[in-house]
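Q:
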Amino acid sequence: MRWDAGAAEAAMAALEQAAQQVERLATQRVDAARVMLREWRGPFRQQFDARLRQADAEDAALVADLRRARAELARLTQLAREEQSRRDRARARWEAEQRERQRQQQAAS
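Residue numbers (full-length UniProt numbering): 1 to 109.
Rendered as structure tokens:
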């Protein structure tokens, strides 16, 4: 089975784009929250702060997961390239051996 490096590259790009989009949206949320928090006081403010911290942590975890998946896909792509290269070299050696056998058989005939 051949590794589809093009599809892997597209998937890696999509994973990175998703991570960047999550980061952008998190930044926008934090900026909007800062504006609201300037004057907000009371128990609901504390709930909001807690939820904002939770959302920030979840965003960071999601970004890390997306980037880990991208890195794993890059690692697998590299392994597939190395394996394909090894197979190509083995095939070239085998073909050279077959040509040499045929040459020897023809010379012996």
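Note that CB positions come from ideal geometry on N, CA and C, so glycine has one too. Everything numeric in this text was worked out from a predicted model, so none of it was measured.
Looking at C-beta atoms only, is the number of pairs between the stretch 54-72 and the stretch 87-99 that lie closer than 8 Å three or more?
A: The stretch 54-72, when compared against the stretch 87-99, does not touch it at the 8 Å Cβ threshold.
Q: Check whether the Cβ atoms of residue 108 and residue 12 sit closer than 8 Å, and answer yes or no.
A: As a first step, residue 108 must be located in the sequence shown, where it is residue number 108. As a first step, residue 12 must be located in the sequence shown, where it is residue number 12. Going by C-beta atoms, residue 108 is not nearer than 8 Å to residue 12.
Q: Compute the beta-carbon to beta-carbon distance between residue 183 and residue 80, rounded to the nearest angstrom, for a pair I have assumed lies under 8 Å.
A: With the chain running from 1 to 109 in the structure shown, residue 183 is simply not present.
Q: Please work out which residues of its chain come closer than 8 Å, Cβ to Cβ, to residue 22, disregarding the five sequence neighbours upstream and downstream, and give them in chain order.
A: As a position in the sequence shown, residue 22 is number 22, starting the count at 1. These residues qualify, in order along the chain: 59, 62, 63, 66.
Q: For residue 19, count the other beta carbons within 10 Å of its own beta carbon; 16 or more makes it buried, fewer makes it exposed. Which is it?
A: Start at 1 with the first residue of the sequence shown, and residue 19 comes out as number 19. Residue 19 sits buried, since 16 or more C-beta atoms from the chains shown fall within 10 Å of its C-beta.
Q: List the whole-angstrom C-beta distance separating residue 33 from residue 52, where the pair is believed to meet the contact cut-off of C-beta under 8 Å.
A: Indexing the sequence shown from 1 puts residue 33 at position 33. Indexing the sequence shown from 1 puts residue 52 at position 52. About 6 Å separates the beta carbon of residue 33 from that of residue 52, a gap short enough to meet the 8 Å contact definition.
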